[in-house]
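Okay, structure first, notes after.
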Amino acid sequence: MTIQSAPTDNQHALLANTPHYQISFERFNEHLADICFDFVATTHAPTLSMVTWLAGSYLIREFSKNITAVDYQLDGTTHRSEKLNKNTFKLSHVKAGDRVRVRYEVYCRDLSVRTAFVDQTRLFGNFSSLLLLLDDAKHTPATLTLSVPMQFLAQHPNCQIACGLQHETVQSKTGIEYRFAALAAFDYLDYPFEIGTQDTFEFVVNHQQKTLPHRFFLTGRHHGQLTRLQSDLQKICQTYLDWLGDAPFGHYTFMAMVTNKDYGGLEHINSTALISPRSDMPRIDEPMPPSDGYQRFLGLCSHEYFHAWWVKTVKPDVMINNPLTHESYTPLLWVFEGFTSYVDDLILLVAGAIDKASYFKLISDQINRYQQTDGKAYQSVAESSFDAWIKFYRPDENSANQGISYYNKGALVALLLDLMLLDKSSGNYRLLDVIKHCYQQSNNQPFGLTTEILGDIIAPVLGRQAWQEFYENYVIGTQPLPLEEYLGKFAITVNHQETSKPWGMSLSTGDQLTITHIHRQSAASQAGLAYNDTIIAIDGLKATNQLLTLLNKQQSITKQPVQIHAFRRDELMTFELLPDNTYHQTLSLSGDGGQWLSFCFDK
């Protein structure tokens, strides 16, 4: 990008009445962002506040906890703000018409994609965790500058920025500034940025007579084959455009970081922030079909990209014009994250990025994960959606026993609904048509979906009574999903295998056998063993995974109890495990798929 000279003082004067944020990273080694906010007050004693959560991640994250203090300058005098609550600051000395400069620092050291991370390797941030907004002017246009110091640039001679917002790069006396044109202050919150040394590539997606540019930025040490990734991503993105007809964006930016083990993604208006294990990058000799790790990364890219249509444009009704300050409850996350979790892998198959056998394995893994979750009998997928604020992002050892994931079960409910719609319409209508219909209703503007609207779309095909029964049994109810029955209608064979999880517990890998999960009503739970117990001996012998498996099999024949010695905290305890006849069913899929896996977007 061309580096321009800094504007003159006269040019700055033209913007003097426009609120302006400047975020400086001079103290990047201390993981700090220094923020200066200039504005002209329109009210007496204005207040500023920070949002408490960000769209797409349903947890109150308390971003303001990382603010040290908020001061403001008025007529050459510095004042301390008055804090009204956890995230609101009052400027008591300010009168309407005063020109004010607010200063504060934010600690940035969260490696996830949800907040901000600043050090000598990269400058990453979501503005939702950085900007204090004027409460009476959140939707007033403001300009914004990111200031990168020479010391950081010296370590990144090819420094560049990844961001979905258009910007200009300006050489300043102290380094480089990335300047953004005026945008409603609140709207900045949906545009993350990343600055540093990045590997990049570009591709275009054809849309009617136009091309939509796409950019990919990769941070972190890796040995990935980016030519392969570029080819696969282009096919995936093109497949979405072919299906949905157009895009709610004019250009799109992928920004990814690789580490040794982290994983996650978050969707935004015209970009996504991703973090992934470097082992999931395509190898120089990446096979076809791809390795499990690379499939996982492609699925992550597909998932977040689809959210531009299905969450950012079509969204739960309660998310329309949401202020992001309090929990916003909806029973529909199974529709948005569940449908997306079904579509993301399906599109990999349609785009030719994976083959049918790989797709069958992905579906089988989803089903097996669901079947082995005891909580499926206790929590509906609608309840799981509603309780995301207190459960999904705060899992503990009992989570799988008392509930299910709206991603996992939502994907399987989407699969079942797709098969039922195909069956009822003799292959002429399916879930993809439901999604496309909703998107077309949006006309590229936010469209609020409700359960009633969804039912009005589906019921004419499925039948009103059939939809009501589906909703009551599988959405707000906990009836077993009849997947095998409907898969059979589309030439899919379900192959079953019985597997045993020793005494109904899962253990950590490594030298110590520490319990990570215990199924309800299993031999382990009945004996009194608990999460985080460390097993040290079994029938008087040093505990190993091999011994555990051997004695579990032997016990199924002898029917004799087994003695376990384990540490709970620092106390040695003894347990007697009775024979366990609990087996888990795992399944795999094979067959043709018929109309289910035959696609023609151009009906």
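Residue numbering for the sequence shown follows UniProt numbering, beginning at 1 and increasing consecutively.
Beta carbons: idealized from backbone N, C-alpha and C, even for Gly.
Bridge-paired residues (DSSP) for residue i
i	result
Q22	C36, T145
D199	L218
F89	L48, K83
D71	R80, R103
N206	T211
R498	Strictly speaking, residue 498 in this sequence is Glu, with Arg absent from that position. According to DSSP, E498 bridges with Q585.
R122	G196
R61	For R61, which the question treats as bridged, DSSP gives no partner whatsoever.
H517	S506
L244	Looking at the DSSP assignment, L244 forms no beta bridge with any residue, so it has no partner.
A358	Rather than Ala, the amino acid found at residue 358 in this sequence is Ser. DSSP, once it has assigned bridges, lists no residue as partnering S358.
S590	T493
F28	Its beta-bridge partners do not exist; DSSP assigns none.
A116	G125
Proximity below 8 Å, CB of residue i to CB of residue j
i	j	result
N126	T313	no
S81	L74	no
L133	S271	no
H222	V258	yes
H156	T197	yes
V102	V70	yes
I538	L551	yes
residue 605	Y178	The displayed coordinates of the chain run from 1 to 603. Any statement about residue 605 would go beyond what the structure contains.
G338	A414	yes
V343	F392	no
I435	W310	yes
Y439	V461	no
L454	Y406	no
T239	V94	no
F124	E194	yes
C108	A96	no
Q225	R283	yes
T227	F216	no
K83	E62	no
H584	D374	no
Proximity to residue i [Cα-Cα], best of the options
i	options	result
G477	S426, Q440, G448, G410	G410
Q171	F180, A184, V148	V148
A353	K86, L233, A142	L233
A256	E26, C163, S508	C163
Q371	P287, K424, P482, H326	P482
I363	L324, L412, T227, Y407	L412
P502	C301, L578, H437	L578
T586	Q366, F599, S385	Q366
E452	A491, T499, T174, V335	V335
T68	A96, R61, I35	I35
G504	M420, Q295, W243, A523	A523
L153	F25, A382, L298	F25
T219	H20, Q160, L547	Q160
D292	L513, N322, S358	S358
D65	R99, Y21, R122, L131	Per the sequence shown, residue 65 should be read as Lys rather than Asp. Of the listed residues, the one whose Cα sits closest to K65 is L131.
N368	I347, N322, H496	H496
I60	P19, I457, K361, R114	R114
A491	S598, P289, V118	S598
Cutoff 7 Å; reference residue i; Cβ partners in own chain excluding five residues on either side
i	result
D207	Note that residue 207 is His in the sequence shown here, rather than Asp. Once the five neighbours on either side are set aside, the close Cβ partners of H207 are L241, D246, A247.
Q479	N473
C237	V205, H214, Y305
D136	T42, T43, P46
Nonlocal neighbours in the same chain, by C-beta distance under 6 Å from residue i, ignoring five residues either side
i	result
V204	T211, P213
D9	Unreliable positioning characterises D9 in this predicted model, as indicated by a pLDDT of 40, which lies under 50. A coordinate reading is not provided.
T493	S590, G591
T88	T47, S49
T330	P316, V318
Q595	L422, G427
F470	none
Y58	A388, W389
K553	none
A6	Caution is warranted here: a pLDDT of 46 is assigned to A6, below 50, making its placement in the model unreliable, and no coordinate value can be reported.
F601	D242, W243
Contact set for residue i: own chain, Cβ-Cβ below 8 Å, skip 5 residues either direction
i	result
D262	L111, S112, I275, S276, P277
L324	V51, T52, W53, L54, A55, S128, L189
A184	K138, H139, T140, P141, A142
* To do: Counting only runs of 4+ residues fully inside the segment 411-476, write out the alpha helix (DSSP H) ranges in chain order.
  => Listed in chain order, the complete alpha helix (DSSP H) runs (minimum 4 residues) inside the segment 411-476 are 431-442, 451-462, 464-470.
* Any chance you could list the beta strand (DSSP E) runs of at least 3 consecutive residues sitting entirely within the segment 208-241, in chain order? => Within the segment 208-241, the complete beta strand (DSSP E) runs of at least 3 residues are 210-219.
* Only counting runs of 3 or more residues, tell me where the beta strand (DSSP E) segments fall wholly within the segment 302-338, in order along the chain. => Taking only runs of at least 3 residues, the beta strand (DSSP E) segments lying wholly in the segment 302-338 are 314-316.
* Every unbroken beta strand (DSSP E) within the segment 255-309, with a cutoff of 3 residues, ordered by chain -> DSSP runs (the beta strand (DSSP E)) wholly in the segment 255-309: 264-267, 271-277.
* In the segment 534-575, which residue ranges form an unbroken alpha helix (DSSP H) of at least 4 residues, counting only runs that do not cross its ends? -> For secondary structure counted as the alpha helix (DSSP H) over 4 or more consecutive residues, the segment 534-575 holds these complete runs in sequence order: 545-558.
* To do: Run through the segment 127-193 for me and flag every whole alpha helix (DSSP H) of 4 or more residues, listed as ranges in chain order.
  => Listed in chain order, they are 150-155.
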